[in-house]
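Below: one structure, written as structure tokens.
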DNA sequence: GATCGTCATAGCCGTTGGTTATCACCACAG
DNA sequence: CTGTGGTGATAACCAACGGCTATGACGATC
């Protein structure tokens, strides 16, 4: 059976113990004298001990009060430190922006350009870059690990996020150079329905379906050759012949290395690459500023 | 502008931070889960910082929460120590009885006899003896310095105290052997009305009047030779011829030293020596026990 | 696809913590 | 002796707090 106390009451007690005068202490604490009187009595009742003796000659500490006073001060300073620590952490958070991304956005120095625009406007802000795996299609937005993120549409829980368009790119088919279909300069998606595909993890949700082009399969389930959650992994799976996969045109260079190539595909739409943030963060100045910096960099 | 907090809320927070599970923490804290949830949110609102992140995968500490946790533990342990200190002090007070007296009660080993009876009944109790000056006719009862006290009636604020009779003794006149009145074996108070008297301090109130035998003066104000607030002082004042004074028969030996003597006085009543305590302490076991020990010692 | 378990919300109610107005008491000046 | 000023305590009132039960939204699981 622990007995708790309001830190305020200890502050009140310490003030009275210092002043040895209720009215003056009440003034110092910006409360009325009866309120102070009542709170001190409540504290005494709660502790089952008389802390202050009031008589004709004034106010004096009792033994119990004298025993409590240093501890009360300890509690007060401990709490002060705690509140300050939270405040400091919070201030750091407010002046730090974490940018999430799955693979590098690349695309001709987009990231450095946005950074320089942003830091020109907010030189005091620390900009942190965070790379996340493909398990999380929101690149850290969902769990608060990031404040803004470069991601591919569609996002899960779409209404929870706002975004601004970075690029809209056609999807190419990535496949081993040795693959029979590599002989064609351009492909038709209808010819790929039976091909094993490399797929994002289940947790990627609608984004996984998008890169499988589920909407172009008329209900026929795709064959899954392997699951991939990184660029190197994808390259290895392609070389190993585990399957083929769609990639955005802008990402083609990342995997078009020895033994892997890409081909245009008819019959599927483009993909949209966006900078996204949580809807509830829309008002945060840094989020807005970064989005603006991104927009004006892209729109140039 | 200081922000206070209820220690309970920190306890709640620490519990959730340890369990990382609201329902389990609520059980451990013996509160309902909604109550816990609400209090944590209130704490977060008060601090203006998210302390815990709740999402599909469970509960996790945020940076602010992690920053707060050790401080919260500090506050909790500081308060625990404070409460324990008060409790210890209070326990000591409950097991200590402070006995006040102005001069030694003397009277044939009364004090040791009461002590041995009392400690036989309460061997665990510390009995402290405290000597007080004649400025305080209640011998420390008024300001709480003592729990019980051997005093002379009448007391100021008589209704505030209870008492049990120790002795009823005639009042003698103490005077220098060289004084003309010392020639008589017995005196009449009417013959003393013009004598300068030694008086207790003003603060002694009605007791001062009693030792001046004000009620036997028919309104004629006494002549005050000096104020006295101790036995040695009284002896010196008598020897110096500053005045005479009344003393209880039982106290006569204390000042009947070289050059000072006492004589019976007709026309004034006796004095009552009592063990007294504050009325509000009447129920305290130790007070009652001491009074009982005193009564049975006296009544023997 | 129903169920379970999680945390959040709603609505209710006794308690708390503040207010102003007033009292009882004492010291002190006239 | 008698006002008068200043002390802390008390009364009456009221908004906010802190707890409860019941219920909801949402994933995870079988």
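Residue numbers (the UniProt record's numbering), protein chains in the order written: chain W, 1 to 300; chain F, 1 to 300. We put the beta carbon where it would ideally sit given N, CA and C, even for glycine.
field: Residues in the segment 169-203 of chain F having any Cβ partner in chain W nearer than 7 Å
entry: The segment 169-203 of chain F vs chain W, Cβ under 7 Å: nothing.
Residue(s) in a DSSP beta bridge with residue 162 of chain F: On the second chain, residue 162 of chain F is found 162 positions in, with the first residue counted as 1. Bridge partners of residue 162 of chain F: F/277.
task: Consult DSSP for residue 188 of chain F and reduce its assignment to one of helix, strand or coil.
output: In the second chain, residue 188 of chain F corresponds to position 188, counting from 1. Reduced to three states, the DSSP call for residue 188 of chain F is strand.
- request: Take residue 297 of chain W and list the residues in its own chain whose beta-carbon comes closer than 8 Å to its own, dropping the five residues that flank it on each side.
  value: Here the question's residue 297 of chain W lines up with position 297 in the first chain. Closer than 8 Å at Cβ, skipping near neighbours: 110, 113, 114, 117.
task: For residue 209 of chain W, return the contacting residues in chain F, with the cut-off set at a CB-CB distance below 7 Å.
output: One-based indexing of the first chain puts residue 209 of chain W at position 209. Here the premise fails: no neighbours, minimum Cβ distance about 20 Å.
task: Provide the residue(s) that pair with residue 75 of chain F in DSSP beta bridges, ordered along the chain.
output: For the purposes of this step, residue 75 of chain F is identified with residue 75 of the second chain, where counting begins at 1. DSSP, once it has assigned bridges, lists no residue as partnering residue 75 of chain F.
- prompt: Could you check where the beta strand (DSSP E) with residue 152 of chain W kicks off and where it finishes?
  reply: Your numbering for residue 152 of chain W matches position 152 in the first chain. Counting along the chain, the beta strand (DSSP E) containing residue 152 of chain W begins and ends at 148-152.
message: Between residue 68 of chain W and chain F, is any beta-carbon pair separated by less than 9 Å?
response: Stepping through the first chain from its first residue, residue 68 of chain W is reached at position 68. Cβ-Cβ to chain F under 9 Å: yes for residue 68 of chain W.
- prompt: Residues in the UniProt domain "HTH lysR-type" (1-62) of chain W with C-beta within 9 Å of chain F's C-beta atoms, listed in sequence order?
  reply: 2, 3, 4, 5, 6, 7, 8, 9, 10, 11, 47, 48, 49, 50, 51, 53, 55, 56, 57, 60, 62
- request: Determine the closest residue to residue 56 of chain F out of W/97, W/143, W/147, W/280, with distance taken between C-alpha atoms.
  value: To locate residue 56 of chain F, count along the second chain from 1; it is residue 56. Considering only alpha carbons, the answer is W/143.
- prompt: Residues of chain F with a CB under 8 Å from the CB of residue 143 of chain W: which are they?
  reply: Taking the first chain and counting its residues from 1, one reaches residue 143 of chain W at position 143. 53, 55, 57, listed in chain order.
query: If the cut is a Cβ gap below 9 Å, which residues of chain F does residue 86 of chain W touch?
result: As a working mapping, residue 86 of chain W is identified with position 86 in the first chain. Those are 47, 48, 49, 51, 64, 65, 67, 68, 71, listed as they occur along chain F.
- prompt: Hey, is residue 232 of chain W's beta-carbon within less than 9 Å of any beta-carbon in chain F?
  reply: Position 232 of the first chain, counted from the first residue, corresponds to residue 232 of chain W. Not an interface residue.
message: For residue 270 of chain W, count the other beta carbons within 10 Å of its own beta carbon; 16 or more makes it buried, fewer makes it exposed. Which is it?
response: Against the first chain, residue 270 of chain W aligns to sequence position 270. With fewer than 16 Cβ atoms within 10 Å of its Cβ, residue 270 of chain W is classed as exposed.
query: Is the beta carbon of residue 4 of chain F less than 9 Å from the beta carbon of residue 11 of chain W?
result: Locating residue 4 of chain F in the second chain gives position 4, counting from the first residue. Locating residue 11 of chain W in the first chain gives position 11, counting from the first residue. Contact flag set, yes.
field: For residue 271 of chain F, three-class secondary structure by DSSP
entry: Your numbering for residue 271 of chain F matches position 271 in the second chain. If DSSP states are grouped into helix, strand and coil, residue 271 of chain F belongs with the strands.
task: Buried or exposed for residue 136 of chain W, please, with buried defined as at least 16 other CB atoms from any protein chain shown within 10 angstroms of its CB.
output: For this step, residue 136 of chain W is matched to residue 136 along the first chain. It is buried - the Cβ of residue 136 of chain W has at least 16 other Cβ atoms within 10 Å.
query: Unbroken alpha helix (DSSP H) runs of length 4 or more, entirely within the segment 50-116 of chain W: which are they?
result: 63-94
- prompt: Is the segment 271-282 of chain F close to the segment 121-135 of chain F, with three or more CB pairs under 8 Å?
  reply: Taking a cut-off of 8 Å for Cβ pairs, the segment 271-282 of chain F and the segment 121-135 of chain F do not touch, as fewer than three such pairs fall below it.
task: Using a Cβ cut-off of 7 Å, pull out every chain F residue sitting near residue 90 of chain W, in sequence order please.
output: One-based indexing of the first chain puts residue 90 of chain W at position 90. Those are 48, 49, 64, listed as they occur along chain F.
field: Through-space distance from residue 121 of chain F to residue 79 of chain F, alpha-carbon basis
entry: Numbered from 1 along the second chain, position 79 holds the residue referred to as residue 79 of chain F. Numbered from 1 along the second chain, position 121 holds the residue referred to as residue 121 of chain F. Using only the alpha carbons, I get a separation of about 36 Å.
- prompt: Mind pulling the chain W residues with CB within less than 7 Å of residue 277 of chain F?
  reply: Along the second chain, read from residue 1 onward, the residue named residue 277 of chain F stands at position 277. Neighbours of residue 277 of chain F in chain W, taken as residues at a C-beta separation under 7 Å, are lacking, since the least C-beta distance is about 16 Å.
- request: Would you identify the three-state DSSP class for residue 234 of chain W, choosing helix, strand or coil?
  value: For the purposes of this step, residue 234 of chain W is identified with residue 234 of the first chain, where counting begins at 1. Three-state DSSP puts residue 234 of chain W in a helix.
query: For residue 82 of chain F and chain W, any beta-carbon pair shorter than 9 Å?
result: In the second chain, counting from the first residue as 1, residue 82 of chain F sits at position 82. Judged by the 9 Å Cβ criterion, residue 82 of chain F is in contact with chain W.
query: At least one CB of chain W closer than 9 Å to the CB of residue 75 of chain F: is that the case?
result: Residue numbering aside, residue 75 of chain F sits at position 75 when the second chain is read from its first letter. Chain W, which has a Cβ nearer than 9 Å to the Cβ of residue 75 of chain F, makes this yes.
- prompt: If you follow the beta strand (DSSP E) that residue 227 of chain W is part of, which residue opens it and which one closes it?
  reply: Position 227 of the first chain holds residue 227 of chain W. Start and end: 223-227.
- prompt: How long is the line joining the alpha carbons of residue 234 of chain W and residue 69 of chain F, rounded to whole angstroms?
  reply: Looking up residue 234 of chain W in the first chain gives position 234. Looking up residue 69 of chain F in the second chain gives position 69. Rounded to whole angstroms, residue 234 of chain W to residue 69 of chain F spans 42 Å at the Cα level.
- prompt: Going straight from the alpha carbon of residue 90 of chain F to that of residue 43 of chain W, what length do you get?
  reply: Looking up residue 90 of chain F in the second chain gives position 90. Looking up residue 43 of chain W in the first chain gives position 43. The alpha-carbon atoms of residue 90 of chain F and residue 43 of chain W are separated by roughly 14 Å.
field: Outcome for residue 204 of chain W when other beta-carbon atoms lying within 10 angstroms are tallied against a minimum of 16
entry: Locating residue 204 of chain W in the first chain gives position 204, where the first residue counts as 1. Under this definition residue 204 of chain W is a buried residue.
message: If contacts are defined as beta-carbon pairs under 8 Å, then residue 147 of chain F and residue 98 of chain F qualify, I think. What distance do you get, rounded to the angstrom?
response: If you number the second chain from 1, residue 147 of chain F lands on position 147. If you number the second chain from 1, residue 98 of chain F lands on position 98. Correct: roughly 5 Å between the Cβ atoms.
Proximal residues, the segment 238-270 of chain W versus chain F, C-beta separation under 7 Å: none
- prompt: Quick one: what does DSSP say residue 6 of chain F is sitting in, helix, strand or coil?
  reply: As a position in the second chain, residue 6 of chain F is number 6, starting the count at 1. If DSSP states are grouped into helix, strand and coil, residue 6 of chain F belongs with the strands.
task: Select from W/184, W/202, W/247, W/188 the residue whose C-alpha is nearest the C-alpha of residue 211 of chain W.
output: By 1-based counting over the first chain, the position of residue 211 of chain W is 211. Checking every option, the nearest Cα to that of residue 211 of chain W belongs to W/247.
- request: Can you pull the chain F residues whose beta carbon is under 7 Å from the beta carbon of residue 79 of chain W, in chain order?
  value: Position 79 of the first chain, counting from 1, holds the residue named residue 79 of chain W. Within chain F, the residues near residue 79 of chain W are 5, 75.
field: residue 20 of chain W to residue 261 of chain F span [Cα, whole Å]
entry: By 1-based counting over the first chain, the position of residue 20 of chain W is 20. By 1-based counting over the second chain, the position of residue 261 of chain F is 261. The straight-line gap from Cα to Cα measures roughly 48 Å.
query: Would you call the segment 159-168 of chain W and the segment 278-291 of chain W touching, i.e. three or more CB-CB distances under 8 Å?
result: yes
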